[in-house]
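J.: Right, I'll just put the structure down here and ask away after.
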Amino acid sequence: MASQFFQVVVGGILLGGIYGFAAFGLSITFGVLNILNLTHGDFLMLGSLVGYGIFLHFGINPFIIAIIIIPLFVVIGVGFYLLLLKPISGKPPNQLLVASVLITLGASIVIEDLTSFFWPHPITGIDYSLPSLELYGVVISETRLFILLFLLILAVSIQLYLQKTYMGKSIRAITQCRGGAKLIGIPISRISALTFGLGVAIAASAGVFYITLFTVTPVIGIPLTVKYMSIVVLGGLGSLTGSVIGGIILGIAESLTAYWFGAQWSPAVSFILLISILMIKPEGLLGRQR
Amino acid sequence: MSWIQRKNLYLVAILCLCVLAALPLPASSYALMWVFLTAVYLTLALSYDIVGGFLGYMNLGHSTFFGLGAYSTAILLNHDFGLALALFLAIIFTAAFAAIVSYPFFRLRGAYFALATFGLISLMEVFASNLQHVTGGSGGISTPPGDYMVPAYYLSLIAAGGTVILSHFLGRSRFGLALLSIREDEEVARSFGVPTFPYKSLSLVISSVPAGLVGGIYVWNVTYISPPAAFGLEIALSPVVIAMLGGTGITLGPLVGAVFITLIQELLWIKVAHFHLTIYGVLLVLLGLFMPGGILRTRWLWPVVQRLGFGEKIDYFKKQGTLER
Numbered sequence: 015m016a017s018q019f020f021q022v023v024v025g026g027i028l029l030g031g032i033y034g035f036a037a038f039g040l041s042i043t044f045g046v047l048n049i050l051n052l053t054h055g056d057f058l059m060l061g062s063l064v065g066y067g068i069f070l071h072f073g074i075n076p077f078i079i080a081i082i083i084i085p086l087f088v089v090i091g092v093g094f095y096l097l098l099l100k101p102i103s104g105k106p107p108n109q110l111l112v113a114s115v116l117i118t119l120g121a122s123i124v125i126e127d128l129t130s131f132f133w134p135h136p137i138t139g140i141d142y143s144l145p146s147l148e149l150y151g152v153v154i155s156e157t158r159l160f161i162l163l164f165l166l167i168l169a170v171s172i173q174l175y176l177q178k179t180y181m182g183k184s185i186r187a188i189t190q191c192r193g194g195a196k197l198i199g200i201p202i203s204r205i206s207a208l209t210f211g212l213g214v215a216i217a218a219s220a221g222v223f224y225i226t227l228f229t230v231t232p233v234i235g236i237p238l239t240v241k242y243m244s245i246v247v248l249g250g251l252g253s254l255t256g257s258v259i260g261g262i263i264l265g266i267a268e269s270l271t272a273y274w275f276g277a278q279w280s281p282a283v284s285f286i287l288l289i290s291i292l293m294i295k296p297e298g299l300l301g302r303q304r
Numbered sequence: 284m285s286w287i288q289r290k291n292l293y294l295v296a297i298l299c300l301c302v303l304a305a306l307p308l309p310a311s312s313y314a315l316m317w318v319f320l321t322a323v324y325l326t327l328a329l330s331y332d333i334v335g336g337f338l339g340y341m342n343l344g345h346s347t348f349f350g351l352g353a354y355s356t357a358i359l360l361n362h363d364f365g366l367a368l369a370l371f372l373a374i375i376f377t378a379a380f381a382a383i384v385s386y387p388f389f390r391l392r393g394a395y396f397a398l399a400t401f402g403l404i405s406l407m408e409v410f411a412s413n414l415q416h417v418t419g420g421s422g423g424i425s426t427p428p429g430d431y432m433v434p435a436y437y438l439s440l441i442a443a444g445g446t447v448i449l450s451h452f453l454g455r456s457r458f459g460l461a462l463l464s465i466r467e468d469e470e471v472a473r474s475f476g477v478p479t480f481p482y483k484s485l486s487l488v489i490s491s492v493p494a495g496l497v498g499g500i501y502v503w504n505v506t507y508i509s510p511p512a513a514f515g516l517e518i519a520l521s522p523v524v525i526a527m528l529g530g531t532g533i534t535l536g537p538l539v540g541a542v543f544i545t546l547i548q549e550l551l552w553i554k555v556a557h558f559h560l561t562i563y564g565v566l567l568v569l570l571g572l573f574m575p576g577g578i579l580r581t582r583w584l585w586p587v588v589q590r591l592g593f594g595e596k597i598d599y600f601k602k603q604g605t606l607e608r
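Written as structure tokens, this is what we have:
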């Protein structure tokens, strides 16, 4: 019984790694642009479909696909930003909110509808698995373990990038104080475009692993965005550690719910977790006041 | 332009009402259904606009109230309650639900609020699909059959008319002005003694009542409701699209938007089999990019609206210097 419980918890941690990584992309985008990107989950879905296509045609290892997909989606993300979000970026806060929700929601619906027209059937995923590992009676899927390690390495390198380079520093500066960053001459518009691209690329890269583990349908986008938003609320804005911890908490909670109540209830978990966090500690676990 | 007067507008409104009231005599049930659905969408959009337009909080989950009203009415009707009692209890239930969720939700602002309310719909869908013995699961729930088209038609018209009146007078009341002040600047409103939190909750409750009512009327007429019909994407987006298209924060806005959208649906959706959601999506993007103020706030129509006295007390989409936080 106990080992079964630990089995579920370990499964949740491994799952939470992907959640945390993808949520980090949403978190930096929101921090810099002050726009909630409702298409985040859809870019994850697109990333997984593209990754699947690459795997099918070239048979490349998914870990390599997850890296080579990044530049492609940076370009897509920058294009998306320049086309749809840059025109509204100068508006006053209340109009910015309305316009950005309308635009990203509309884009997300268009992406989902078009994708489900061209891929009417769910895609079962990249057929890639490694042998399982048994440790103190707990079976650990080696695929998931490697994915978790890989994502951690990727996340740490992104974090280093944010800490050390000029662009990374500007991203953090804009997250902290937009006006101040503008005042000292940070090119907000250019940094915003690149950040959006980076966020989209992170989502797409996470999507490659998502399709390695799960079935992907075109309509997963918006539920995933809600899920990642609850992680961002949980972990605080722009913080990698917060996102990863939030992701792991959510992963464990979902696995336990599926274990205790059945898998059909696990979509409700992220939302209930979000509500309870808001009731108890509205500023997030590690975050500051919004 | 001297014919643009309030008096003439009232005449037009009364004329429209007379036509609508007499419509069941000659018209086919298809036309009745069309007006019925327009009235349902109009009520949803207008009640959405109390929170979305007056208060300035984007409540993307407004259709939750519609779905709750529909489901609770259906369940009550199946337990041999009369229609009036079932609708009444459904409204009470919906309003109570709104009061409860308003507490955690109004701790959020801006985009967070929008997305959290959007998530509420999917939560409700999970509940509706999984609580088999109460809601009938993903197969949906049927109510006692019968031909209710004509009475339901009048009921929906009354609901829509009532919501128009509610929205109009709410916008001019002290409470409505308080909501506008919260929309403009919550901290300043609070420092001037507006009890922001209770008012926000109250506005959500008020906006939930017409939505729940119209959900009940809808299920009574259609005699069937399923999770996708109650909590699906299309019903969730339509109030937002309608209100935004017409112009949020003005009573006239959702009216214009509802007629516009249902006409588009009639013209386009018969011809195009696919991509209904894509059309909605493109519409949303275009609205966000080019006219977040809606049709009524375009350069040609806005003076007319103001001349009629239906403009707003505080200009929502005014040009102002960008305030950096």
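So the protein lines, in turn, are chains A and B.
This note's numbering runs 14 ahead of the 1-based position in the first sequence.
This note's numbering runs 283 ahead of the 1-based position in the second sequence.
Each residue gets a CB set at the ideal place from its N, CA and C atoms; glycine is no exception.
This one's a predicted model, so the numbers in the text were calculated from it and none came from an experiment.
#1: For A:K105, which residues from the same chain have a beta carbon less than 7 Å from its beta carbon, with the 5 sequence-adjacent residues on both sides left out?
#2: Any C-beta of chain A sitting closer than 8 Å to the C-beta of B:G445?
#3: Could you pull out every residue in the same chain whose Cβ sits closer than 7 Å to the Cβ of A:V222, ignoring the five residues on either side in sequence?
#4: Pull up the distance between the alpha-carbon of B:S486 and that of B:I333, whole angstroms please.
#5: Would you grab the beta carbon distance between A:G213 and A:T43 for me? Rounded to a whole angstrom, and I think it's under 8 Å.
#6: Within 8 Å, do at least three Cβ pairs link the region 404-414 of chain B to the region 475-482 of chain B?
#7: Taking B:I375 as the reference, which of B:T545, B:L359, B:K290 has the closest Cα?
#8: What residue from B:L414, B:S311, B:P309 has the CA that sits closest to B:Y354's CA?
#9: Starting from B:Y436, trace the alpha helix (DSSP H) both ways and give me its first and last residue.
#10: Between the Cα of A:G67 and the Cα atoms of A:W133, A:I27, A:F20, A:V92, which residue gives the shortest distance?
#11: The alpha helix (DSSP H) spanning B:I297 covers which residue range?
#12: Which residues of chain A have a Cβ atom closer than 9 Å to the Cβ of B:Y563, listed in chain order?
#13: Three or more C-beta pairs closer than 8 Å, one from the region 244-260 of chain A and one from the region 118-129 of chain A: is that the case here?
#14: The alpha helix (DSSP H) with B:H557 in it runs from where to where?
#15: Quick check: what's the CA-CA separation for B:F452 versus B:L496?
#16: Taking DSSP as the reference, what is the three-state secondary structure of B:Y313?
#17: On the criterion of 16 or more Cβ atoms from any shown chain inside 10 Å, does A:A5 qualify as buried, or is it exposed?
#18: Quick check on A:S206: does DSSP put it in helix, strand or coil?
#19: Which of the three DSSP states, helix, strand or coil, is assigned to B:I375?
#20: Please tell me whether B:S405 has its Cβ less than 8 Å away from any Cβ of chain A.
#21: Can you tell me which of B:V318, B:P309, B:V302 puts its alpha carbon nearest to the alpha carbon of B:I544?
#22: To which residues of the same chain is B:S509 closer than 6 Å at the C-beta, ignoring the five residues directly before and after it?
#23: In this structure, does DSSP put B:V323 in helix, strand or coil?
#24: Does the CB of B:G336 have a neighbour CB from chain A at under 8 Å?
T.: Reading it off the structure:
#1: A113, listed in sequence order.
#2: no
#3: G61, S62, G65, P76, I79, A80, I83
#4: 7 Å
#5: 4 Å
#6: Because the criterion of three Cβ pairs below 8 Å is not met, the region 475-482 of chain B and the region 404-414 of chain B do not touch.
#7: B:L359
#8: B:L414
#9: 432-455
#10: Answer by Cα proximity: A:W133.
#11: 289-305
#12: G120, I123, V124, D127
#13: no
#14: First-last for B:H557: undefined, no H or E at that position.
#15: Their backbone Cα atoms lie some 19 Å apart in a straight line.
#16: helix
#17: The requested residue 5 of chain A does not occur in the structure, where chain A is confined to residues 15 to 304.
#18: helix
#19: Three-state DSSP puts B:I375 in a helix.
#20: The Cβ of B:S405 sits closer than 8 Å to at least one Cβ of chain A.
#21: Ranked by Cα distance from B:I544, the options B:V318, B:P309, B:V302 are led by B:V318.
#22: G423
#23: Note: B:V323 maps to helix in three-state DSSP.
#24: no
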